[in-house]
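S.K.:
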Amino acid sequence: MAYKINPDVCVACGSCQSECPSGAIKEGDVYSIDPDVCISCGACADACPMGAISPDE
1 MAYKINPDVC VACGSCQSEC PSGAIKEGDV YSIDPDVCIS CGACADACPM GAISPDE
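Right under this line is the structure:
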């Protein structure tokens, strides 16, 4: 199961992107997680100080 970023909560600090071992998080107008690249490890969610990342069910 991939993860998703809630754009309403994300403050674009970049913590998630630097912790992602698979490079699935891309920076744009908002950060996004590519579900085809995400390995569902949860490192991004653990790194997010805002709690903006959760499993995409």
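Numbering (full-length UniProt numbering), first residue to last: 1 to 57. Every residue gets a Cβ at the ideal spot worked out from N, C-alpha and C, and that includes glycine. No experiment lies behind these values; they were computed from the predicted model shown.
Buried or exposed for ILE39, going by 16 or more other Cβ atoms inside 10 Å?
M.R.: Here residue 39 refers to the residue found at position 39 of the sequence shown. That one is exposed.
S.K.: Rounded to the nearest angstrom, what separates ASP36 and ASN6 at their Cα positions?
M.R.: Here residue 36 refers to the residue found at position 36 of the sequence shown. Here residue 6 refers to the residue found at position 6 of the sequence shown. Whole-angstrom Cα-Cα distance: 18 Å.
S.K.: Rounded to the nearest angstrom, what separates CYS48 and MET1 at their Cα positions?
M.R.: For the purposes of this step, residue 48 is taken as the residue at position 48 of the sequence shown. For the purposes of this step, residue 1 is taken as the residue at position 1 of the sequence shown. The straight-line gap from Cα to Cα measures roughly 18 Å.
S.K.: Measure the beta-carbon distance from ILE25 to CYS16 and round it to whole angstroms, keeping in mind my assumption that it falls under 8 Å.
M.R.: One-based indexing of the sequence shown puts residue 25 at position 25. One-based indexing of the sequence shown puts residue 16 at position 16. Contact holds; Cβ gap of about 5 Å.
S.K.: Check SER40 in the structure and name its three-state DSSP category.
M.R.: Within the sequence shown, residue 40 is the residue found at index 40, counting from 1. SER40: coil per DSSP, three-state reduction.
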